[in-house]
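Everything on this sheet refers to the single structure shown next.
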Amino acid sequence: MLRGPSPPILVYFYPRSPLACHVEPAIGSIVGPVELFSDDVRSSFVMGIETETLLDTKTDRSWRKRLTKFLGHTGLFLLLIAYTVFGGLVFKALEHPTEVATLEEHEALVKECRSDFLKSISKNREASEREFLTFLDKQLNTYEQAVQNAARGGLLVPITEGRQPADLARWNNLQAIFFASTVLTTIGYGNIVPVTTGGRTFCLLFALIGIPLCVSVIADLGSIVANRFTGLPSWLEKVSTTVKSLLSALVALLLLLLYISVGALLFMFLEGEWSFFESFYFCFITMTTIGFGDLVPQKPEYMLLCTVYILIGLGMTSTIIEIVRNEYAKSWKRIQALAEALRKLAEAGGSATEIASLQNEFIQRITMTDNNKSPKQWENAVDTIVRNMSKPKLKEPKIVQIIIYETSV
Numbered sequence: 001m002l003r004g005p006s007p008p009i010l011v012y013f014y015p016r017s018p019l020a021c022h023v024e025p026a027i028g029s030i031v032g033p034v035e036l037f038s039d040d041v042r043s044s045f046v047m048g049i050e051t052e053t054l055l056d057t058k059t060d061r062s063w064r065k066r067l068t069k070f071l072g073h074t075g076l077f078l079l080l081i082a083y084t085v086f087g088g089l090v091f092k093a094l095e096h097p098t099e100v101a102t103l104e105e106h107e108a109l110v111k112e113c114r115s116d117f118l119k120s121i122s123k124n125r126e127a128s129e130r131e132f133l134t135f136l137d138k139q140l141n142t143y144e145q146a147v148q149n150a151a152r153g154g155l156l157v158p159i160t161e162g163r164q165p166a167d168l169a170r171w172n173n174l175q176a177i178f179f180a181s182t183v184l185t186t187i188g189y190g191n192i193v194p195v196t197t198g199g200r201t202f203c204l205l206f207a208l209i210g211i212p213l214c215v216s217v218i219a220d221l222g223s224i225v226a227n228r229f230t231g232l233p234s235w236l237e238k239v240s241t242t243v244k245s246l247l248s249a250l251v252a253l254l255l256l257l258l259y260i261s262v263g264a265l266l267f268m269f270l271e272g273e274w275s276f277f278e279s280f281y282f283c284f285i286t287m288t289t290i291g292f293g294d295l296v297p298q299k300p301e302y303m304l305l306c307t308v309y310i311l312i313g314l315g316m317t318s319t320i321i322e323i324v325r326n327e328y329a330k331s332w333k334r335i336q337a338l339a340e341a342l343r344k345l346a347e348a349g350g351s352a353t354e355i356a357s358l359q360n361e362f363i364q365r366i367t368m369t370d371n372n373k374s375p376k377q378w379e380n381a382v383d384t385i386v387r388n389m390s391k392p393k394l395k396e397p398k399i400v401q402i403i404i405y406e407t408s409v
């Protein structure tokens, strides 16, 4: 039987439907719908599509999780930076006008005292030498006091003509932002402080809100640094837990020293007048939040860079100090456990079962302190101790004390 040309067909796919695919004739055809795949093939087809969709969903979720985590860390850090900049600008607005006015007063007073000093010398030429020296000493003391007060207020002496007091003001934008960062990090160099009532009041509120925020950022940075110490090289997998902990603490300390050394080179280059030791000393005092204030960066051009360096370094320092502290605590616990095991072993005078139990506990505890000896060697050593302790001890003779009373009866 001759067949005519095949009628056109339409193929429909339904990935999420029990009918994965079927063929349907075009309009005008007499052929009905035909199933293209069997149930097994259709099920495999559906499972493959759903598995691929699930993998794509997991990949999207993984990227979203990483992006959210990254934005969380970055957002918290940027929030602290923005809060520090805001605080610095407010400090500058509150303190700068008062500082400029104070500098102008000191400058006028120094000029007046110097003029009076010169005039007094010219007027008292005819006085006797003794009277002239007494008068000169009095005028010189007045001038020196004015110069000393001006220097404390930030005025450079000798006064340069043409230089305005506003140019000498320390409360500029960058210096104020750096001061705000020292408040939040509780370093407090003390080289610049608010003197107005408004500035001191704002400092209290600024620190009350900002210090917890700064601590959160430092803890967040510390967690990022701490996560870098979780993975160890493959050749350290068979090393004991104690050695791994000590190596982690050692690597952490070396990393801190490296970070401080890099900062020391940076500050030595930026300051120009600092030696490497002075720069290293400043970085160490800063990272440990001691903040003596004897060495403080003087160039405001890189104050923002210094602020970022301090924030990152504080996160590293807090984490590394915590790692070292944990090692101290673990060592102390091992010593206490060893002492407790020795005490129990020394006091054991009961059954053999009790002594054997204490012996096993003693071996487990002292093995933690030295992994170079095998458990068999420790067992032999403890057996020797137990045998020595189990030997019968010679009883010391009891002392009988006789008391004789002499009375008048």
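Going by the UniProt record's numbering, 395 is the number at position 395 of the sequence shown; the sequence numbering is gapless.
Just so you know, even glycine gets a beta-carbon here, dropped at the ideal spot from N, CA and C.
(message) Can you tell me where the alpha helix (DSSP H) holding K138 begins and where it ends?
(response) Here residue 138 refers to the residue found at position 138 when the sequence shown is read from its first residue. Counting along the chain, the alpha helix (DSSP H) containing K138 begins and ends at E129 to R152.
(request) Could you have a look at Y83 and say whether DSSP puts it in helix, strand or coil? (result) Numbered from its first residue, the sequence shown carries residue 83 at position 83. Helix.
(message) Would you say the beta carbon of F276 is closer than 7 Å to some non-hydrogen atom of the ligand NAD?
(response) The model on display carries no ligand, and the ligand NAD is accordingly not part of it.
(message) The alpha helix (DSSP H) that contains L168, what's its start and end?
(response) The residue given as residue 168 occupies position 168 in the sequence shown. Where L168 is concerned, the enclosing alpha helix (DSSP H) stretches over P165 to L168.
(message) Counting C-beta neighbours from all protein chains within 10 Å, is the total for L80 16 or more, i.e. buried, or is it exposed?
(response) Along the sequence shown, one-based indexing puts residue 80 at 80. It is buried - the Cβ of L80 has at least 16 other Cβ atoms within 10 Å.
(message) Is the separation between the beta-carbon of Y189 and that of V296 shorter than 8 Å?
(response) Indexing the sequence shown from 1 puts residue 189 at position 189. Indexing the sequence shown from 1 puts residue 296 at position 296. Yes, the Cβ-Cβ distance between Y189 and V296 is below 8 Å.
(message) By alpha-carbon positions, which one of R343, I290 and A108 ends up nearest to V147?
(response) On the sequence shown, position 147 is the one that residue 147 refers to. Nearest option by C-alpha distance: A108.
(request) Please list, in chain order, all residues of the same chain as S181 whose beta carbon is under 6 Å from its beta carbon, the five residues on each side excluded. (result) Here residue 181 corresponds to residue number 181 of the sequence shown, with the count starting at 1. Once the five neighbours on either side are set aside, the close Cβ partners of S181 are T84 and T307.
(message) With H, G and I counted as helix, E and B as strand and the rest as coil, what does DSSP make of W274?
(response) Residue mapping note: residue 274 aligns to position 274 of the sequence shown, counting from 1. Reduced to three states, the DSSP call for W274 is coil.
(request) Take the Cβ of V34 as the centre, count every other Cβ of all protein chains shown within 10 Å, and call the residue buried at 16 or more, exposed below. (result) Along the sequence shown, read from residue 1 onward, the residue named residue 34 stands at position 34. At V34, the pLDDT of 45 sits below 50, so the modelled position is not reliable; the number obtained from the coordinates is stated separately. That one is exposed.
(message) Just to confirm my understanding: we take N191, look at its own chain, exclude 5 residues before and 5 after, and list those with CB closer than 6 Å. What are they?
(response) Taking the sequence shown and counting its residues from 1, one reaches residue 191 at position 191. Result list for N191: G293 and V296, in chain order.
(request) Pick out whichever of F284, K69 and D220 has its Cα sitting closest to the Cα of L257. (result) Within the sequence shown, the letter at position 257 stands for residue 257. Among F284, K69 and D220, the Cα nearest to that of L257 belongs to F284.
(request) Run the CB neighbour count on A150, radius 10 Å, all protein chains shown included, and call it buried at 16 or more, exposed below. (result) Walking along the sequence shown from the start, residue 150 turns up at place 150. By the neighbour-count rule (16 or more Cβ atoms within 10 Å), A150 is buried.
(request) Go ahead and pull the three-state DSSP assignment for V110. (result) Against the sequence shown, residue 110 aligns to sequence position 110. Reduced to three states, the DSSP call for V110 is helix.
(request) Under 6 Å Cβ to Cβ from I323, same chain only, skipping five residues before and after it: list those, please. (result) Start at 1 with the first residue of the sequence shown, and residue 323 comes out as number 323. Here the set comprises A249 and A252.
(request) Would you give the residue range spanned by the alpha helix (DSSP H) that L184 belongs to? (result) Here residue 184 is taken as the residue at index 184 of the sequence shown, counted from 1. Looking at the DSSP string, the run of the alpha helix (DSSP H) that includes L184 is N173 to L184.
(request) Could you tell me if S279 is buried or exposed, where buried requires 16 or more neighbouring beta carbons within 10 angstroms of its beta carbon? (result) Here residue 279 refers to the residue found at position 279 when the sequence shown is read from its first residue. Burial call: buried.
(message) Let me confirm a value: W63 is counted as buried when at least 16 other C-beta atoms fall within 10 Å, else exposed. Which label applies?
(response) Residue 63 sits at position 63 when you count from the first residue of the sequence shown. Classification of W63: exposed, given that the 10 Å Cβ count is below 16.
(request) Using alpha carbons as the reference points, say which of E131, G313, L71 and A264 lies closest to C214. (result) Indexing the sequence shown from 1 puts residue 214 at position 214. It is G313 whose Cα lies nearest to the Cα of C214.
(request) Starting from the C-beta of M303, find all residues in its chain whose C-beta is less than 8 Å away, skip the five residues before and the five after it, and write them out in chain order. (result) Here residue 303 refers to the residue found at position 303 of the sequence shown. L174, Q175, I177, F178 and P297.
(request) Could you check how far apart the C-beta atoms of V195 and E95 are, in whole angstroms? I think they sit under 8 Å. (result) As a working mapping, residue 195 is identified with position 195 in the sequence shown. As a working mapping, residue 95 is identified with position 95 in the sequence shown. That pair is a contact at about 7 Å.
(request) Would you tell me roughly how many angstroms separate the C-alpha atoms of I321 and F206, rounded to the nearest one? (result) Here residue 321 is taken as the residue at index 321 of the sequence shown, counted from 1. Here residue 206 is taken as the residue at index 206 of the sequence shown, counted from 1. I321 and F206: Cα-Cα distance of roughly 27 Å.
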